Amino acid sequence: MRTVIIGGGFAGISAKCKYPDSILIDKNEYFLMTPKLVDTIANGESSLFYRKPDVNAEVLNINFQEKKIITNKGNISYDKLIIALGYSQDLSKIKGAKDHVMKLETFEDAMKIRNEIEKANTLIVIGGGDLGVEVIGSTVELLSKIKRKGKERVVLINRGPRILPHMPEKISLEAERILTELGVELILNVSVEEIRGKTVITNKGDFSGDHIFYAGGIKGPDFLSKLKISLKNEKIEVNEDLSSVDYKDVYGAGACASIFYPSTAEVSMQSGVHAITNAVEGRDDKFEPKPLADVVDIDNNFMGVFMGFPIIGSYAKILKSLALINVYYKINKVNSFSNKFNIL
Ligand SMILES: Cc1cc2nc3c(=O)[nH]c(=O)nc-3n(C[C@H](O)[C@H](O)[C@H](O)COP(=O)(O)OP(=O)(O)OC[C@H]3O[C@@H](n4cnc5c(N)ncnc54)[C@H](O)[C@@H]3O)c2cc1C
Numbered sequence: 001m002r003t004v005i006i007g008g009g010f011a012g013i014s015a016k017c018k019y020p021d022s023i024l025i026d027k028n029e030y031f032l033m034t035p036k037l038v039d040t041i042a043n044g045e046s047s048l049f050y051r052k053p054d055v056n057a058e059v060l061n062i063n064f065q066e067k068k069i070i071t072n073k074g075n076i077s078y079d080k081l082i083i084a085l086g087y088s089q090d091l092s093k094i095k096g097a098k099d100h101v102m103k104l105e106t107f108e109d110a111m112k113i114r115n116e117i118e119k120a121n122t123l124i125v126i127g128g129g130d131l132g133v134e135v136i137g138s139t140v141e142l143l144s145k146i147k148r149k150g151k152e153r154v155v156l157i158n159r160g161p162r163i164l165p166h167m168p169e170k171i172s173l174e175a176e177r178i179l180t181e182l183g184v185e186l187i188l189n190v191s192v193e194e195i196r197g198k199t200v201i202t203n204k205g206d207f208s209g210d211h212i213f214y215a216g217g218i219k220g221p222d223f224l225s226k227l228k229i230s231l232k233n234e235k236i237e238v239n240e241d242l243s244s245v246d247y248k249d250v251y252g253a254g255a256c257a258s259i260f261y262p263s264t265a266e267v268s269m270q271s272g273v274h275a276i277t278n279a280v281e282g283r284d285d286k287f288e289p290k291p292l293a294d295v296v297d298i299d300n301n302f303m304g305v306f307m308g309f310p311i312i313g314s315y316a317k318i319l320k321s322l323a324l325i326n327v328y329y330k331i332n333k334v335n336s337f338s339n340k341f342n343i344l
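Per UniProt numbering: the sequence shown ends with 344, consecutive numbering throughout.
So, in structure tokens, the structure goes:
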């Protein structure tokens, strides 16, 4: 039986490590360590890590009837298929965002944002979730490194009354304290209605900025709309066991699957293991995500939540490092399996 995983990100490498005889396809030979993209913005550090897929090819389409994956290098058949193609940033919730805001999906995007920040005078981040808070943290970190901090206006606009609303209130207050200390203007309880050119239009007035970043959440990659498969909220619609609602031998894992869970790397990894276990062992176990930790880094101040409890400082930093070490370990493991298949 041939099990194929398409997408070698967090979900895909976890699935591959669980069943090394599966075939991993990815269009890139590197792994994008998204939690490090903010370090790319702040320091220009690389967030790319060498990770060799079994097949380095771009998936162009899937023929589900014939169980065939169409790639730019040829076709590959499968018996069981795990789709783990990741996410794209959702800019659809605010009118004008698609036209006027830069995305942060790749290493190149992070470098472009870094260049923009270096030149900008008024910087606005919309959204006080994990991503918005980390991006504003890396913005002030970069500005202080290039010794321009103090000359700019850095603004965080958040719709709700507190940032990091999914974390304990203690963490929101700590994050707000640190950002204020770093000179960030916090604009809370304000809804952005539209972005027009360099102007952010809100229900409480307009803000002008020469660099605007919108952290509006993530959705499935645009590529999914090409496939003959049901989508829900622009993600592959899956049953509770992560199988597709349309094809019993096809599974969705990670950020591109419709099961509602926090779209974190940790839960994506769990879903990759779960999907491939059900696929290979012919099980239909329900996926129950077990999020352990969520840590944000604001200009080297670490804070977050661990098993429901707030954590601040070195414990939070250690947890974040351990999570990254776990991913590096899996990447190395995948590299040690590679070159076994010659199927194209
Ligand atoms: C800026 C940023 C920071 C983040 N920080 C954190 C954080 O600190 N902690 C955290 O838990 N989560 C974080 N996340 C969320 C985390 O990145 C996602 O939850 C995670 O990437 C989802 O994993 P995945 O395996 O579904 O997708 P991905 O990791 O995106 O993997 C998808 C893979 O599919 C491949 N692929 C895509 N299209 C094709 C194709 N057509 N053909 C072949 N291959 C293809 C890609 O090359 C990629 O390797 C962050 C996200 C962003 C955008």
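No residue lacks a Cβ here, since even glycine has one placed at the ideal position from N, Cα and C. Note that the structure is predicted; figures quoted are calculated from it, not measured.
Relative to ligand 1, is the shortest distance from any of its heavy atoms to the C-beta of P35 smaller than 6 Å?
yes
Taking the C-alpha atoms as reference points, what is the distance between K18 and D90?
31 Å
May I ask which residues mark the beginning and end of the beta strand (DSSP E) holding M111?
From DSSP, M111 is part of no beta strand (DSSP E) but of the alpha helix (DSSP H) over 107-119.
Does DSSP put E194 in a helix, in a strand, or in coil?
strand
Following a CB-centred definition, is S22 positioned closer than 6 Å to any heavy atom of ligand 1?
no
Who does S88 pair with in a DSSP beta bridge?
K219
Short check: CB of M303 to CB of F10, under 7 Å?
no
contact_flag[the region 307-320, the region 159-175] where n(CB pairs < 8 Å) is 3 or more
yes
May I ask you to list the residues that DSSP assigns as paired with H211?
L123
Do you know how far the Cα of V295 is from the Cα of K320?
6 Å
Straight-line gap, D39 to V135 (C-alpha atoms, nearest Å):
9 Å
K119 to Y251 span [Cα, whole Å]:
45 Å
Do you know whose CA, among V55, A84, R51, lies nearest C256's CA?
A84
Mind checking P161: buried by the 16 CB within 10 Å criterion, or exposed?
exposed
Which residue or residues does DSSP assign as beta-bridge partners of N301?
I298
Can you tell me whether G137 is helix, strand or coil according to DSSP?
helix
Nearest residue (CA-CA) to D241, options S271, K67, D299, N332
S271
Pick from L164, E105, L324, Y78: whose alpha carbon is nearest that of F213?
E105
Can you tell me the Cα-Cα spacing of I201 and E193, whole angstroms?
6 Å
State the start and end residues of the unbroken alpha helix (DSSP H) segment that holds T180.
169-181
Just to confirm my understanding: we take L179, look at its own chain, exclude 5 residues before and 5 after, and list those with CB closer than 7 Å. What are they?
I136, L156, L186, I298
Span of the alpha helix (DSSP H), counted from its first residue to its last, around Y329:
314-337
L164 versus N61: straight-line alpha-carbon distance, rounded
38 Å
Between which two residues does the alpha helix (DSSP H) containing F10 stretch?
10-18
How far does the alpha helix (DSSP H) with K98 in it extend, from its first residue to its last?
97-100
CB of L85 to nearest heavy atom of ligand 1: below 6 Å?
yes
Can you name the residues that DSSP bridges to L231?
I236
Since L37 is in the alpha helix (DSSP H), which residue starts that stretch and which ends it?
37-43
Quick check: what's the CA-CA separation for E237 versus S230?
6 Å
Beta-carbon proximity check, residue 347 vs F306, cutoff 7 Å
Outside the displayed span of the chain (1 to 344) sits residue 347, for which this structure offers no information.
Exposure label - L142; buried when at least 16 CB within 10 Å
buried
Ligand 1 heavy atom lying under 6 Å from the CB of K27:
yes
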